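This note's numbering applies: residue 330 is where the sequence shown begins, and numbers increase by one. Here the structure is laid out as structure tokens; the discussion comes afterwards.
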Amino acid sequence: MVTWTPDLIKASKGKEFLPALTVYDYPMTRMLDELGIPMLLVGDSLGMVVLGYPDTTHVTMEDMIHHVRAAARAKPRSFLVGDMPYQSYETSEQAVRNARHLMDAGAHAVKLEGGKEIGTQIKAIRNAGIPCVGHLGMLPQHILEEGKYRIKGRTEDEKQSLLDNAAFLDSMGISALVLELVESELTAEITRSISVPTIGIGSGNGCDGQILVTHDLVGTFPWFRPKFVQPKMEATRLMQQAVQEWCNDWESLYQKQRNRRESTDSKPDA
Numbered sequence: 330m331v332t333w334t335p336d337l338i339k340a341s342k343g344k345e346f347l348p349a350l351t352v353y354d355y356p357m358t359r360m361l362d363e364l365g366i367p368m369l370l371v372g373d374s375l376g377m378v379v380l381g382y383p384d385t386t387h388v389t390m391e392d393m394i395h396h397v398r399a400a401a402r403a404k405p406r407s408f409l410v411g412d413m414p415y416q417s418y419e420t421s422e423q424a425v426r427n428a429r430h431l432m433d434a435g436a437h438a439v440k441l442e443g444g445k446e447i448g449t450q451i452k453a454i455r456n457a458g459i460p461c462v463g464h465l466g467m468l469p470q471h472i473l474e475e476g477k478y479r480i481k482g483r484t485e486d487e488k489q490s491l492l493d494n495a496a497f498l499d500s501m502g503i504s505a506l507v508l509e510l511v512e513s514e515l516t517a518e519i520t521r522s523i524s525v526p527t528i529g530i531g532s533g534n535g536c537d538g539q540i541l542v543t544h545d546l547v548g549t550f551p552w553f554r555p556k557f558v559q560p561k562m563e564a565t566r567l568m569q570q571a572v573q574e575w576c577n578d579w580e581s582l583y584q585k586q587r588n589r590r591e592s593t594d595s596k597p598d599a
């Protein structure tokens, strides 16, 4: 089975489709790694689908380190990327320190949201020998400023900014670029214009790969589902059914035993 390194991720550009999924624990990481998924992301989306927060801005470095460690115990051959959480890379020094924490926990690379505005942080991380994955388009860590999730790149200013920032991140030596909620034609243009794989989410089919929150793919977070998600199964319903059957089985046994005791107790003494 292939071991996915940063160089191999880059080399896949234009040669093969690059699927990626989120992981937050040992068993899911092991299962997806055994399927040969090239890239697994310990995403700060765990804030919503695991920890019950309203958005990713509540996720801490301690949360990320905990979940990266859990995923890394599976010893994946997949390229294991850890999200740098909200306000964990405000300065170059902080960025390098926290990136090292994630690498020490077992990540193979870190992912940061943004372009030129975090250029000094990305440069410092790369100079420290740590692989990086970029993230442009809708930036979930900016939801408090944005107010809502929306497709990016529909205006000329946004389009040019995304093209410029994609080129900038490419020049900084990133391993791949996540494009979230980017207008589909622009997504294809960015993909053609840079040397590293683009991985889309809600950005159409013009990318080198696609990433999805695994809970959305298999239907284990039914309370909210992004519009672009088409789950391949409804695992929550199957799990609820299994739990209900288990409860019913034991309830039936309990009632049989209770009835047997009551029957015995009601018999007159000889």
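Glycine included, C-beta positions come from ideal geometry on N, C-alpha and C. Note that the structure is a prediction, hence the values are computed from the model and not measured.
When secondary structure is reduced to three states using DSSP, Thr420 falls in the coil class, being assigned neither helix nor strand. Going by C-alpha positions, Val525 is about 14 Å away from Leu492.
Ranking Tyr353, Tyr415, Asp537 by CA distance to the CA of Leu473 puts Tyr415 first.
Assignment of Thr385 by DSSP, reduced to helix, strand and coil, places it in the helix class.
By the C-beta density criterion, Cys576 is exposed, having fewer than 16 other C-beta atoms within 10 angstroms.
Counting only runs of at least 3 residues, the stretch 526–580 fully encloses the following beta strand (DSSP E) elements, listed from N- to C-terminal order: 527–530, 538–541. Of all alpha-carbon atoms in Asp545, Lys585, Asn588, Ser581, the one lying nearest the alpha-carbon of Ser374 is that of Asp545.
In this structure, Pro367 lies near Ala349, with their beta-carbon atoms less than 9 Å apart. Taking 9 Å as the cut-off, the Cβ atoms of Val507 and Val462 count as close.
Here Gln539 really is in contact with Gly529; their C-beta atoms are around 5 Å apart, less than 8 Å. Scanning the stretch 334–421 for uninterrupted alpha helix (DSSP H) segments of 4 residues or longer gives 335–340, 355–363, 375–378, 390–401, listed from N- to C-terminal end. In the three-state DSSP reduction, Leu510 falls in the coil class, being neither helix nor strand. By the criterion of at least three beta-carbon pairs nearer than 8 Å, the stretch 395–407 is not in contact with the stretch 417–429. Between Thr565 and Phe550, the gap from beta carbon to beta carbon is short of 9 Å. Minimum Cα-Cα distance from Lys488 among the listed residues Ser500, Ile451, Ala517 corresponds to Ala517. For Leu473, the enclosing alpha helix (DSSP H) begins and ends at 472–475. Glu509 places its beta carbon less than 9 Å from that of Met467. In this structure, Glu442 lies away from His396, with their beta-carbon atoms at least 9 Å apart. Beyond the five residues adjoining it in sequence on each side, Ile447 comes within less than 7 Å, by CB distance, of Tyr418, Leu441 in the same chain, given in chain order. One Cα belongs to Gln569, the other to Thr484, and the distance between them is close to 45 Å. 9 Å or more divides the Cβ of Ser407 from the Cβ of Thr449. Sorting Asp412, His387, Leu541, Tyr382 by C-alpha distance to the C-alpha of Ile394 places Asp412 at the top. The continuous stretches of beta strand (DSSP E) do not include Lys452, which lies in the alpha helix (DSSP H) extending over residues 448–456.
Between Thr351 and Val558, the C-beta spacing is not below 9 Å. Counting only the Cα atoms, Asn494 lies some 6 Å from Lys445.
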